[in-house]
Every structure is written in C-alpha cells, then in structure tokens.
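Before any comments, here is the structure.
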Amino acid sequence: MIGPKFGTVKSYFKNKPIFREGEPGNVGYLVKKGEVTIYKIIDGEKKILSKLGPGEVFGEMGILTESPRTAFAEASEYSDLVIIDKNTLLDMLKKTPKLIQSITLLLMKRLANTLQMLDHHEEDSPGPRKLLSVCSLLDLMAKANPDVNYHSFSQRAMDIVHMTQAEIDGAVKELIRLNVIEVTGEYEKIKTSGCTIKIPDTLSLQKKIRKIRQALQSH
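Residue numbers (the numbering used here): 36 to 254.
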C-alpha cells in the first residue's frame, strides 16, 4: 500500500492525539495551521517537551532513525497538518543540504531536552543516558555527512547535551568495542583534524539506540 504523499493535509481537533510514544514512526508532519504539543509521560505526569506552530516540522525522527515514536503528540488547538512520507523527506534532504543540517540541529535540541528531563528522574543510570546521547548524535550527524569529524562531534556533544570530553571518549571507546563505529587516526588526540568517526552499518547503530532507549524506559 502506498503511503500518504507530501501535501496531504489532515485536520485535528483540540486535544486530539496525533501519535503516541512507542508507535511506528512512518511519517512526519508540518504544521500548516494551529499548534501541536509534544510531551512525555514520566512518573505518571505529563511533561511538555515543546509546543510547535505553523511552519515547524515534527515526527521526522521516526523517519530518519527508523525507530518508534519517542514521545506523544497532540493538537493544542484545531490544527491542519501536512503529512510528509519517508521517500519525500529523504528526497528533500538530498536536494537541500542546508535542510538536513537544520533538521539535525532541531533533533539534537529535542534530544537534549529529553535527556535533561531524564536526568531528573533516572539519576541512577548516567551510563546508558550518555551512551544514548552519543549514539543519537552520531546517527543524526552522519545523515548530513557520513564522515563525522571527531572534534566537531565532541564540541556539539558538549554544547548540546553537556557531556565532558572524558564521557564522550568513554562512550566512543565502548561503541568501538561493540563494533558499532570505527575511528580513523589517533582518537585520543581530539584536535587532530584528520580524526574521523565512521559508521559501517547504520542499522547496527540504530539498533543500539533502540536497545538503550528501551532499557531506560523499563526502569
């Protein structure tokens, strides 16, 4: 069955669910009219991650990472949403490099918000959270450029998810041990311009992301 194409508009009344955490992420959405609330349920309470208005995109994480929805989305008011399917989004990204950079930055910021929220509720498991941060950021940056500069990656990880260089290095070493990534050059020397992170198999990385996320959600 052929999925919906870019340009299809679907309307949602106020408080109407758009998708739920854990559901397959087959399409993304562009807010044409109205407002959408993105939230998670933590310890039985609704924690708002963001509110999105006209012109903003959401739900694309599922398309780009091929993973289930990581949060809930509902219409804050009557809203018209443009549906974006996977093929259309990927075609747009290939033709517009700046677009994928913008989406990558947006997803990284959303990831930071989610991890910050988890920091206040899962203080006993910093290891998995940091590893999830590194895996997710690598996956997103690799979509813009398959060869990820170690120094640039480290700077973004420190700026966005507030990891120390030691934490980043530790997570990278663990991913190397698991054969999820490869690093060219002497990766201990972070400022080496030729030091690059390569992801031989993106499916293995995405599988690792799902496994860590499921472990965190089960606590």
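Note that CB positions come from ideal geometry on N, CA and C, so glycine has one too.
*What separation, rounded to the nearest whole angstrom, lies between the Cα atoms of T219 and T237?*
17 Å
*State the beta-bridge partners of P52 as determined by DSSP.*
In DSSP, P52 forms a bridge with E109.
*Less than 7 Å separating the beta-carbons of A206 and K165?*
yes
*Check whether the Cβ atoms of C170 and K243 sit closer than 7 Å, and answer yes or no.*
yes
*Determine the DSSP secondary structure at T237, reduced to helix, strand or coil.*
helix
*Spatial distance of F48 from K68 (CA atoms)*: 11 Å
*In the DSSP assignment, find the unbroken beta strand (DSSP E) run with V218 in it and report its ends.*
In the DSSP annotation of this structure, the continuous segment of the beta strand (DSSP E) that includes V218 starts and ends at 217 to 219.
*Around the Cβ of V71, are there at least 16 other Cβ atoms within 10 angstroms (buried) or fewer (exposed)?*
buried
*C-beta atoms of I73 and L65 nearer than 7 Å*: no
_Quick check on L213: buried or exposed, where buried means 16 or more other Cβ atoms within 10 Å of its Cβ?_
L213 is exposed by the Cβ-count criterion.
*Out of V183, V62, R245, state which residue places its alpha-carbon closest to the alpha-carbon of K45.*
V62
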